[in-house]
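J.: Chains as they are written, first to last, in our numbering: chain A, 1 to 279; chain B, 280 to 593.
Ideal Cβ placement from N, Cα and C applies to all residues, glycine included.
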């Protein structure tokens, strides 16, 4: 075989996908035993018992549901019936706001910690204690103090995305090669100019790596946070559809969460590549 | 030469460097070093690893401070790094996220902040051309060979038109051919511009080819400037034939002899009480059969440097 590894990998990917879909399709065909029962009683039971069909939707059901959502992503028929596009938009907006607040906070503080060994040691105990706290543990406190579920979920996103960025920024700034700093010193470059022309570009790849980790965590946490606070968002959508026993919608939402997470990660990966320099 | 002898453009006055030793106390790297350099002089410093050469250079650059003593440059004590003293780093220390032009412009714009972009670019281009990198302006350091990177470092240092160039083994990481070419370039540029240069090297031939004076440093700890070797070879020496000069082997053997044996014994001699005037380091001009030593102490307060006038010529 003289095919390139990329092409061979693509062929394999498609093969695995088809195999998975077929297995899924066959497994959810349903040919279970059908019980004879009183029609009045049958009305109360699901199709699994009365017709032998599988309760688990097959790939075609999910595809049909996806198509339905794709055709009408932004409809709004009241609080419990909004298009999945609207729900995703709510989630992305919360992640975006919380994440940007975290960037605005973590990068300057990370710079401070990275540049000052004193601040680094002084703040270290706080970071060590706060970092391992599950972001959702903050939720009751946030709800109690902020008194707004929407803002509380933004706060939870903020608190979960701050740490990787803070730690990476501090590390990147502290690890700037001494020879580059000496270049700036021998050229009598001032503190501000040094921060922007030497430290920032030198630490940028590390900072961006922290930002990439953070956006991943933020997208993981938003689903859980929205399940908790409810109202809007893709996390709420998943929970609402579970309550509706619409497994098709749950699977559709899982798929969409994965796709959006991948897109967010890829955006940050692009940015990282943009600031990375070869040595 | 005699008017140069009184010119103390750079004056190292009794510098000492101590580091706290593990387990209390302090390690003295070197103590009470005195040396003066005239304007336009090319001084090389040779010594074994660990004798504190780089520390001396860093103190001259203002990147390090002596535990005691001071360095006076052009009548002013060094209090920190200055754009008048350019450093060429051993590791070239280019900013990898900037292009060749970007690296040179970074230095130019640090010196002449209020120049227009065009003026800064013109100045940078002039020195990129000077080191022979025309056409590579938009390459990044990662795309350059070791020799080219060091050329960028040299262009960056020269572009700010410094009063002094400090070089820390600038060619040690290069292959022999590239090193030779770059030595030629540096020598040509320094001769043309009358640059004052202080350079660390491990390469005896490099020192003989480039330097007017070679400072021999004894082994550390407690290193001293043991001797100053005046280069007897003519100023217009060429790299292709300077080793054929009748005085070449005299100088070379003298330096090698110092590095192999005397660099180790001097410290013990000084400790044993052999008189050694730190303020007037012996000046030697090897060659012509006579290793002429001269050290006439003058009033230390008046002139703590070299008694150049008393050097016997061959």
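(1) Return the first residue and the last residue of the beta strand (DSSP E) that residue 422(B) is part of.
(2) Can you name the start and end residues of the beta strand (DSSP E) that residue 241(A) belongs to?
(3) Based on Cα-Cα distance, which residue from 379(B), 297(B), 366(B) lies nearest to residue 437(B)?
(4) Relative to the alpha-carbon of residue 364(B), which residue among 371(B), 370(B), 373(B), 352(B) has its alpha-carbon at the smallest distance?
(5) Can you check whether the CB of residue 333(B) is closer than 8 Å to the CB of residue 677(B)?
(6) Leaving out the 5 sequence neighbours to the left and right, which residues in its chain are closer than 7 Å to residue 58(A) when beta-carbon positions are compared?
(7) Hey, how far is the Cα of residue 144(A) from the Cα of residue 69(A)?
(8) Could you say if the region 542–560 of chain B and the region 296–315 of chain B meet the contact criterion of at least three C-beta pairs nearer than 8 Å?
(9) Contact between the region 446–455 of chain B and the region 393–413 of chain B is defined here as three or more beta-carbon pairs at a separation below 8 Å; is this criterion met?
(10) Closer than 7 Å, Cβ to any Cβ of chain B: which residues of the region 155–182 of chain A, in chain order?
(11) Using a Cβ-Cβ cut-off of less than 9 Å, give me the residues of the region 201–222 of chain A that come near chain B, in sequence order.
(12) If the cut is a Cβ gap below 8 Å, which residues of chain B does residue 188(A) touch?
(13) Tell me which residues of the region 380–404 of chain B have at least one Cβ-Cβ distance to chain A shorter than 8 Å, keeping chain order.
(14) Within the continuous alpha helix (DSSP H) that includes residue 606(B), where are the two ends?
(15) For residue 391(B), write down the residues that DSSP places opposite it in a beta bridge.
(16) When you compare the CB of residue 368(B) with every CB in chain A, is at least one pair closer than 8 Å?
(17) I'd like to know whether the C-beta of residue 185(A) is nearer than 8 Å to at least one C-beta of chain B.
(18) Check each residue of the region 408–429 of chain B: if its Cβ is closer than 9 Å to any Cβ of chain A, include it; give the result in chain order.
(19) In chain order, what residues of the same chain have a beta carbon less than 7 Å from the beta carbon of residue 399(B), not counting five sequence neighbours either side?
(20) So within the region 296–354 of chain B, which uninterrupted alpha helix (DSSP H) runs reach at least 4 residues, ignoring any that extend past its ends?
(21) Assuming residue 212(A) contacts residue 259(A) (C-beta within less than 8 Å), just tell me the rounded distance between them.
(22) Identify every run of the alpha helix (DSSP H) within the region 25–56 of chain A, keeping only runs that are complete inside it and at least 4 residues long; order them along the chain.
(23) Please list the segments of the alpha helix (DSSP H) lying wholly inside the region 444–516 of chain B, counting only runs of 4 or more residues, in order along the chain.
(24) Do you know offhand how far residue 228(A)'s Cα is from residue 275(A)'s?
(25) Quick one: give me the first and last residue of the beta strand (DSSP E) that residue 563(B) is part of.
(26) List, in chain order, every chain B residue whose beta-carbon is nearer than 8 Å to that of residue 277(A).
(27) List the endpoints of the continuous beta strand (DSSP E) containing residue 365(B).
(28) For a contact meaning CB atoms closer than 7 Å, what does residue 340(B) contact in chain A?
(29) Classify residue 576(B) as helix, strand or coil using the three-state DSSP reduction.
(30) Identify the contact partners of residue 490(B) in chain A, using a Cβ-Cβ distance below 9 Å as the criterion.
(31) Please decide whether residue 452(B) counts as near chain A, where near means a Cβ-Cβ distance under 8 Å.
(32) Taking residue 274(A) as part of the alpha helix (DSSP H), name the residues at either end of that continuous run.
(33) With a threshold of 16 other CB atoms inside 10 Å of the CB of residue 67(A), please say whether the residue is buried or exposed.
(34) Anything in chain A within Cβ reach of residue 595(B), meaning under 9 Å, just list it in chain order.
(35) Is the region 536–552 of chain B touching the region 498–516 of chain B in the sense that three or more CB pairs, one from each, lie closer than 8 Å?
(36) Taking C-alpha atoms, which residue in 529(B), 292(B), 533(B), 435(B) lies nearest to residue 350(B)?
T.: On the basis of the data shown:
(1) From DSSP, residue 422(B) is part of no beta strand (DSSP E); its letter is neither H nor E.
(2) Segment 234–243 is the alpha helix (DSSP H) holding residue 241(A); no beta strand (DSSP E) there.
(3) That would be 366(B), whose Cα lies nearest to the Cα of residue 437(B).
(4) The candidate whose alpha carbon is nearest that of residue 364(B) is 352(B).
(5) Nothing in the structure corresponds to residue 677(B), since chain B is present only between 280 and 593.
(6) These residues qualify, in order along the chain: 24, 25, 28.
(7) In this model, residue 144(A) and residue 69(A) are separated by some 36 Å (Cα to Cα).
(8) Between the region 542–560 of chain B and the region 296–315 of chain B there are three or more inter-stretch CB-CB distances shorter than 8 Å, so the stretches are counted as touching.
(9) With the cut-off at 8 Å, the region 446–455 of chain B and the region 393–413 of chain B do not touch.
(10) Contact annotation: in the region 155–182 of chain A, residues whose CB is within less than 7 Å of a CB in chain B are 179, 180, 182.
(11) Residues passing the 9 Å Cβ filter: 201, 202, 204.
(12) Chain B residues near residue 188(A): 360, 361, 362, 389.
(13) Answer in chain order: 385, 386, 389, 390.
(14) Any answer about residue 606(B) is impossible in this case: the structure gives chain B only from 280 up to 593.
(15) Beta-bridge pairing by DSSP links residue 391(B) to no other residue.
(16) Closer than 8 Å: yes.
(17) Interface residue, yes.
(18) Listed by position along the chain: 419, 420, 421, 422.
(19) Closer than 7 Å at the Cβ level, and outside the excluded window around residue 399(B), lie 384, 387, 388, 391.
(20) If we require 4 residues or more, the alpha helix (DSSP H) runs fully inside the region 296–354 of chain B come out as 332–340.
(21) With 8 Å as the limit, residue 212(A) and residue 259(A) do not qualify as a contact, their Cβ atoms being about 17 Å apart.
(22) DSSP runs (the alpha helix (DSSP H)) wholly in the region 25–56 of chain A: 39–44, 47–50.
(23) With a minimum length of 4 residues, the continuous alpha helix (DSSP H) runs that stay inside the region 444–516 of chain B are 455–472, 483–489.
(24) If you take the alpha carbons of residue 228(A) and residue 275(A), they lie about 37 Å apart.
(25) Counting along the chain, the beta strand (DSSP E) containing residue 563(B) begins and ends at 562–564.
(26) Using a Cβ-Cβ cut-off of 8 Å, residue 277(A) is close to 375, 376, 419, 421 of chain B, given in chain order.
(27) 364–367 is the span of the beta strand (DSSP E), which, as asked, contains residue 365(B).
(28) Proximity of chain A to residue 340(B) at the Cβ level (cut-off 7 Å) is accounted for by 186, in chain order.
(29) Only weak support is given to the placement of residue 576(B): the predicted model assigns it a pLDDT of 40, under 50, and the question is left unresolved by the model.
(30) Under the 9 Å cutoff, chain A gives no residues; its nearest Cβ is about 22 Å from residue 490(B).
(31) No, because no Cβ of chain A sits closer than 8 Å to the Cβ of residue 452(B).
(32) Counting along the chain, the alpha helix (DSSP H) containing residue 274(A) begins and ends at 247–275.
(33) That one is exposed.
(34) As shown, chain B starts at 280 and ends at 593. That puts residue 595(B) outside it, with no answer to give.
(35) Yes: at least three Cβ pairs fall under 8 Å.
(36) Ranking the options by Cα distance to residue 350(B), first place goes to 292(B).
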